[in-house]
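**Student:** First, the structure itself, so that you have it in front of you.
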Amino acid sequence: MPKKLFIKTYGCQMNAYDSARMADVLAPLGYTPVNCPAGADMVILNTCHIREKAAEKVYSELGRLRSLKRTRERDGGAMVLAVAGCVAQAEGEEVRRRAPWVDIVFGPQAYHRLPDMISEAERRAVVDTEFPIEPKFDSLPEESAPRGAAAFLTVQEGCDKFCTFCVVPYTRGLEYSRPVADLLKEARRLVESGTCELTLLGQNVNAYHSGGRNGRTRSLADLIRELAEIDGLRRLRYTTSHPRDMSDDLISAHGDVDVLMPYLHLPAQSGSDRILREMNRGHTSGDYLRLVDRIRAARPDIALSSDFIVGFPDETDVDFESTLDLVRQVGYASAYSFRYSPRPGTPAAGYEDQVADDVKSERLAELQELIGRQARAFNAATVGRTLDVLLERRGRHEGQLVGRSPYMQAVHVEADLSCLGRVAAVRIDDALPNSLSGRLMGGSGPEDQLAGMV
Ligand code: SAH
Ligand code: SF4
Ligand code: F3S
10 MPKKLFIKTY
20 GCQMNAYDSA
30 RMADVLAPLG
40 YTPVNCPAGA
50 DMVILNTCHI
60 REKAAEKVYS
70 ELGRLRSLKR
80 TRERDGGAMV
90 LAVAGCVAQA
100 EGEEVRRRAP
110 WVDIVFGPQA
120 YHRLPDMISE
130 AERRAVVDTE
140 FPIEPKFDSL
150 PEESAPRGAA
160 AFLTVQEGCD
170 KFCTFCVVPY
180 TRGLEYSRPV
190 ADLLKEARRL
200 VESGTCELTL
210 LGQNVNAYHS
220 GGRNGRTRSL
230 ADLIRELAEI
240 DGLRRLRYTT
250 SHPRDMSDDL
260 ISAHGDVDVL
270 MPYLHLPAQS
280 GSDRILREMN
290 RGHTSGDYLR
300 LVDRIRAARP
310 DIALSSDFIV
320 GFPDETDVDF
330 ESTLDLVRQV
340 GYASAYSFRY
350 SPRPGTPAAG
360 YEDQVADDVK
370 SERLAELQEL
380 IGRQARAFNA
390 ATVGRTLDVL
400 LERRGRHEGQ
410 LVGRSPYMQA
420 VHVEADLSCL
430 GRVAAVRIDD
440 ALPNSLSGRL
450 MGGSGPEDQL
460 AGMV
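Just remember that this note's numbering sits 9 ahead of the position in the sequence shown, which is counted from 1.
Structure follows, in structure tokens:
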């Protein structure tokens with residue numbers, strides 16, 4: 010009998026990749042993904058621990074799931090409830106203490122063992138937060154379903170950088186890069202199943218280094234160059250990069266690898282050298298600005314994005330002003346910004362001089378206002394241009410498709426469903442705060458629309 014599997018994913022793109030891989034692991038056991046937890050035989054919450062809010066969301070969801078699980082049991086069925094991901098890794102047994110109705114708790118490095126965990130859970134609760142010697146990737150099956158036009162591929166996982174605010178080195182473990190040959194195989198399978206854009210994922214994706222042919226160490230740039238040879242692969246992206254690992258060969262790849270898209274997410278976190286030092290980022294704002302210049306010299310139209318934290322312990326108005334300065338100097342296409350959130354077990358959580366919440370909120374609003382203005386200006390500058398848009402999914406209303414420009418902007422277009430999964434030339438008519446709208450070049454009928462595809 011087919012069983013229903015519901016996975017809810019929080020957090021970063023790597024969690025989205027992991028959720029899809031969990032479904033692959035469970036497919037041979039008869040589990041089919043469904044869109045709603047009611048009536049599911051198994052529910053997995055794939056969680057994020059990066060900020061307090063992210064982690065707390067999980068416990069409120071577990072509260073809601075408790076009653077669904079009861080209803081299912083009253084109806085004579087069963088629901089296996091599992092908590093996966095970074096909250097599971099960081100909190101382990103604590104998850105079951107706060108929510109004893111959870112059957113399985115497992116970390117990001119353990120999901121290849123899910124079938125064993127499920128059978129063990131019939132007898133007793135399971136908590137598996139080991140970091141195995143054998144990486145999980147060696148035991149994962151092939152994809153059980155196509156991933157669509159734009160797909161993720163984890164190439165590197167974990168982090169050795171230990172920024173003082175961050176939980177990732179504790180939840181994902183130390184840095185690990187997957188072998189080139191395995192990645193080429195996975196990428197080819199994805200492309201054969203219809204994927205034409207790949208986003209290479211890693212917590213520090215540009216720290217990627219792995220053995221390749223002739224035992225030579227391969228960098229992310231080498232990997233990109235090999236992947237770019239795959240027939241049918243139209244677009245490559247990678248995220249997230251650390252400024253310290255932005256090597257010369259990677260920068261030049263932006264200048265000469267056609268399929269590498271002109272978009273780079275390069276978190277700066279702060280513009281204050283004092284705060285950057287306290288964060289253990291290993292670079293100054295000057296280093297970051299010089300790096301941006303080099304990247305722009307290689308690819309002048311590149312769209313840059315970043316992450317910023319405001320209200321890190323002891324951040325003064327002057328420090329914050331330096332962050333605004335950095336943002337003004339770089340000019341971002343988009344950026345994410347967050348209030349500093351003390352995370353248990355990280356050094357900065359114990360620092361004195363924690364910044365008051367209202368100060369954090371004021372700074373966040375000011376920074377977001379500046380970033381918003383830059384993003385609107387960046388979007389507005391594309392009006393009147395024709396951009397290649399990969400049409401990835403249906404839009405809100407009938408006859409509308411949504412895709413991404415090379416610069417990662419969401420673009421809404423009136424287009425026939427037959428255009429889904431294709432790269433279309435779209436003339437941009439309008440820039441909204443967070444997206445663009447445009448029309449397909451060519452006529453309006455499906456045949457003409459296909460003629461406009463590139
Ligand atoms: N590996 C990436 C970031 C991963 S976490 C890097 O090195 O930049 C994604 C973002 O969450 C971070 O860039 C940071 O801006 C934010 N973040 C991480 N820990 C945080 C914390 N304790 N409080 C607030 N924001 C945090
Ligand atoms: Fe976290 Fe820093 Fe590692 Fe990024 S580089 S994952 S922010 S510790
Ligand atoms: Fe969150 Fe873990 Fe990703 S903490 S951001 S899900 S690596």
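Quick reminder that beta carbons are idealized off the backbone N, C-alpha and C, glycines included.
CA-CA distance, residue 198 and residue 243?
**Tutor:** If you take the alpha carbons of residue 198 and residue 243, they lie about 15 angstroms apart.
**Student:** Closer than 8 angstroms by C-beta to residue 347: which residues in its own chain qualify, once you throw out the five before and the five after it? Chain order, please.
**Tutor:** Around residue 347: 60, 316, 317, 318, 319, 373.
**Student:** Go ahead and pull the three-state DSSP assignment for residue 334.
**Tutor:** It is helical.
**Student:** Using 8 angstroms as the cut-off, classify the Cβ of residue 317 as near or not near the heavy atoms of the ligand SF4, replying yes or no.
**Tutor:** Answer for residue 317: no, Cβ out of range of the ligand SF4.
**Student:** Entirely within the region 363 to 442 and at least 3 residues each: give me those beta strand (DSSP E) ranges in chain order.
**Tutor:** Here the runs fully enclosed are 395 to 403, 409 to 413, 419 to 423, 432 to 440.
**Student:** Hey, how far is the Cα of residue 169 from the Cα of residue 79?
**Tutor:** Straight-line Cα distance between these residues: approximately 42 angstroms.
**Student:** Between which two residues does the alpha helix (DSSP H) holding residue 197 run?
**Tutor:** Per DSSP, residue 197 belongs to the alpha helix (DSSP H) from 189 to 201.
**Student:** So, are the CB atoms of residue 278 and residue 249 less than 9 angstroms apart?
**Tutor:** Cβ atoms of residue 278 and residue 249: not closer than 9 angstroms.
**Student:** Apart from the five residues just before and just after residue 261, which ones in its own chain have a Cβ nearer than 8 angstroms to its Cβ?
**Tutor:** The answer, listed in chain order, is 230, 307.
**Student:** Given a cut-off of 9 angstroms on the beta-carbon distance, is the pair residue 8 and residue 28 in contact?
**Tutor:** With the chain covering only 10 through 463, there is no way to say anything about residue 8.
**Student:** By alpha-carbon positions, which one of 429, 70, 345, 418 ends up nearest to residue 45?
**Tutor:** Answer by Cα proximity: 70.
**Student:** Alpha carbon to alpha carbon, what distance is there between residue 379 and residue 136?
**Tutor:** The alpha-carbon atoms of residue 136 and residue 379 are separated by roughly 44 angstroms.
**Student:** Which residues in the same chain have their Cβ closer than 6 angstroms to the Cβ of residue 18, if we skip the five residues on either side of it in sequence?
**Tutor:** So the qualifying residues of the chain are 24, 25, 28, 55.
**Student:** Within its chain, find whatever has a CB closer than 7 angstroms to the CB of residue 334; leave out the 5 residues flanking it on each side and keep chain order.
**Tutor:** The residues are 280.
**Student:** State the beta-bridge partners of residue 343 as determined by DSSP.
**Tutor:** According to DSSP, which records beta bridges pairwise, residue 343 is partnered with 314.
**Student:** Under a CB-based cut-off of 9 angstroms, is residue 367 close to chain B?
**Tutor:** Reference to chain B is not applicable here, since this structure consists of a single protein chain.
**Student:** The ligand F3S heavy atoms versus the CB of residue 388: any closer than 8 angstroms?
**Tutor:** Outside the cutoff, so no.
**Student:** Measure the CB-CB distance between residue 185 and residue 144 and report whether it falls below 9 angstroms.
**Tutor:** Yes.
**Student:** Just jot down, in chain order, the residues whose CB lies closer than 6 angstroms to any heavy atom of the ligand SF4.
**Tutor:** That query returns the following residues: 168, 170, 171, 172, 175, 177, 178, 212, 213, 251.
**Student:** Which residues bound the beta strand (DSSP E) around residue 55?
**Tutor:** Unbroken beta strand (DSSP E) run through residue 55: 51 to 56.
**Student:** Does the distance from the CB of residue 159 to the CB of residue 207 come in under 9 angstroms?
**Tutor:** Cβ atoms of residue 159 and residue 207: closer than 9 angstroms.
**Student:** Quick check: the region 405 to 419 against the region 387 to 397, are there 3 or more CB pairs under 8 angstroms?
**Tutor:** Verdict: yes, contact present.
**Student:** Residue 307 by DSSP, collapsed to three states: which one?
**Tutor:** Residue 307: helix per DSSP, three-state reduction.
**Student:** If you draw a straight line from the C-alpha of residue 31 to the C-alpha of residue 341, how long is it?
**Tutor:** In a straight line, the C-alpha of residue 31 is about 35 angstroms away from that of residue 341.
**Student:** Rounded C-beta distance between residue 219 and residue 227? I'm assuming under 8 angstroms.
**Tutor:** Correct: roughly 5 angstroms between the Cβ atoms.
**Student:** Whole angstroms are fine: how far does the CA of residue 241 sit from the CA of residue 200?
**Tutor:** Distance between the alpha carbons of residue 200 and residue 241: 6 angstroms.
**Student:** I'd like the span of the alpha helix (DSSP H) that includes residue 64, first residue to last.
**Tutor:** 61 to 83 is the span of the alpha helix (DSSP H), which, as asked, contains residue 64.
**Student:** Which residue comes first and which comes last in the alpha helix (DSSP H) that contains residue 220?
**Tutor:** Not the alpha helix (DSSP H): residue 220 falls in the beta strand (DSSP E), residues 218 to 220.
**Student:** If you count every other CB in all the chains shown that lies within 10 Å of the CB of residue 443, and 16 or more means buried, which is it?
**Tutor:** Classification for residue 443: exposed.
**Student:** Hey, how far is the Cα of residue 493 from the Cα of residue 345?
**Tutor:** Since the displayed the chain opens at 10 and closes at 463, residue 493 lies outside it and no answer follows.
**Student:** Where residue 121 and residue 34 are concerned, what is the direct C-alpha to C-alpha distance, given to the nearest angstrom?
**Tutor:** Computed Cα separation, rounded: 6 angstroms.
**Student:** Leaving aside the five residues before and after residue 205 along the sequence, list all residues of the same chain whose C-beta is less than 6 angstroms from its C-beta, in chain order.
**Tutor:** Taken in chain order, the residues that qualify are 158, 243.
**Student:** DSSP on residue 459, reduced to helix/strand/coil?
**Tutor:** Residue confidence is low: residue 459 scores 47 on pLDDT, short of 50, so the model does not pin down where it sits. No coordinate-derived value is stated.
**Student:** Do you know how far the Cα of residue 167 is from the Cα of residue 190?
**Tutor:** Their Cα atoms are separated by approximately 20 angstroms.
**Student:** I believe residue 130 touches residue 113 by the beta-carbon criterion, under 8 angstroms. Please report the beta-carbon distance rounded to the nearest angstrom.
**Tutor:** Contact flag correct, Cβ pair sits at about 5 angstroms.
**Student:** Using the three-state DSSP reduction, which class does residue 157 fall into: helix, strand or coil?
**Tutor:** Reduced to three states, the DSSP call for residue 157 is coil.
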